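Colleague: Got a structure here, written out as structure tokens. Questions coming.
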Amino acid sequence: MKIDITSIVKNSGGTIQISEKESIEILGTGLGTVTFKGPVEFNGSVTNFNGMLLLEGVARLNYTTTCDRCGEDIEKEHVARIDEEIIERSRTVDEAEENLEDDRFAYSGNVLELDRILADSLITSIPMSHLCQDDCPGLCPLCGAKMKGESCDCSKQDPVDPRFEALKGFFD
Ligand SMILES: [Zn+2]
Ligand SMILES: [Zn+2]
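The numbering used here puts the first residue of the sequence shown at -8, with every later residue one more than the last.
Written as structure tokens, this is what we have:
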């Protein structure tokens, strides 16, 4: 996702509105149990503050995963707030040296490449646990059936206390 910043790069205070939808290859197919689906949508703006660019907005990405409790397939949208300072890559310092001193993103020339910035924010903010619904009841501990919707008959049967089971027939 490349943004042409020609109109603001020499203009402190200048802003460009951004509304883009594009696949980001470096996101790969997913992360752990999460599979990313379709393009990343970004809506926001980039503003030049004395040569530093401030990128603000919201990135959205659909993904599929499975419920931690019942294993059901779920499809969700991940929304990440983006608020990044992007500095101009100095031409005198080489990239390796620069990275040691400053972990901010950098731009050079008249093009701002958003892929890495959006991918980093999306990956670091994606939740590590997922539920099909907040109160997912999970699986039946006795038979393993999904408790949601079609519940099993286990809870309807009287559980037999094994101590009484042992005494059964004792007095016969
Ligand atoms: Zn569930
Ligand atoms: Zn059951």
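Backbone N, C-alpha and C fix where the C-beta goes; we use that ideal spot for every residue, glycine too.
The model shown is predicted, which means the values in this text are computed figures rather than measured ones.
Buried or exposed, going by whether 16 or more other CB atoms sit within 10 Å of the CB of residue 2?
Modeller: In the sequence shown, residue 2 corresponds to position 11, counting from 1. Exposed, because fewer than 16 other Cβ atoms sit within 10 Å of the Cβ of residue 2.
Colleague: Considering only residues of the same chain and omitting the five flanking positions on each side of residue 131, which have a CB-CB separation below 6 Å?
Modeller: The residue given as residue 131 occupies position 140 in the sequence shown. Result list for residue 131: 138, 143, 145, in chain order.
Colleague: I'd like the list of long-range same chain contacts for residue 94, defined as Cβ closer than 8 Å, with 5 residues on each side in sequence excluded.
Modeller: As a working note, residue 94 is residue 103 in the sequence shown. Excluding sequence neighbours, residue 94 sits near nothing in its chain.
Colleague: Does DSSP put residue 201 in a helix, in a strand, or in coil?
Modeller: Past the boundaries of the shown model lies residue 201; the chain is included only from -8 to 163, so the question cannot be answered.
Colleague: Anyone know if the C-beta pair for residue 57 and residue 26 falls short of 7 Å?
Modeller: Position 66 of the sequence shown, counted from the start, is the residue given in the question as residue 57. Position 35 of the sequence shown, counted from the start, is the residue given in the question as residue 26. Cβ distance not < 7 Å, so residue 57 and residue 26 don't count as in contact.
Colleague: Using alpha carbons as the reference points, say which of 24, 20, 37 lies closest to residue 108.
Modeller: One-based indexing of the sequence shown puts residue 108 at position 117. Put simply, of 24, 20, 37 the residue whose alpha carbon is nearest the alpha carbon of residue 108 is 37.
Colleague: Evaluate contact between the stretch 98 to 106 and the stretch 56 to 70, counting only Cβ atoms and requiring at least three cross-stretch pairs below 8 Å.
Modeller: no
Colleague: In this structure, how does DSSP classify residue 81 when only helix, strand and coil are distinguished?
Modeller: Numbered from 1 along the sequence shown, position 90 holds the residue referred to as residue 81. The answer is coil: DSSP assigns residue 81 none of H, G, I, E or B.
Colleague: Return helix, strand or coil for residue 122, following the three-state DSSP convention.
Modeller: The sequence position of residue 122 within the sequence shown is 131, counting from 1. Correct three-state label for residue 122: coil.
Colleague: Find out if the Cβ-Cβ distance for the pair residue 16, residue 30 is shorter than 7 Å.
Modeller: Here residue 16 refers to the residue found at position 25 of the sequence shown. Here residue 30 refers to the residue found at position 39 of the sequence shown. The answer is no: Cβ separation not under 7 Å.
Colleague: What separation, rounded to the nearest whole angstrom, lies between the Cα atoms of residue 71 and residue 51?
Modeller: The count along the sequence shown starts at 1 and reaches residue 71 at position 80. The count along the sequence shown starts at 1 and reaches residue 51 at position 60. Straight-line Cα distance between these residues: approximately 6 Å.
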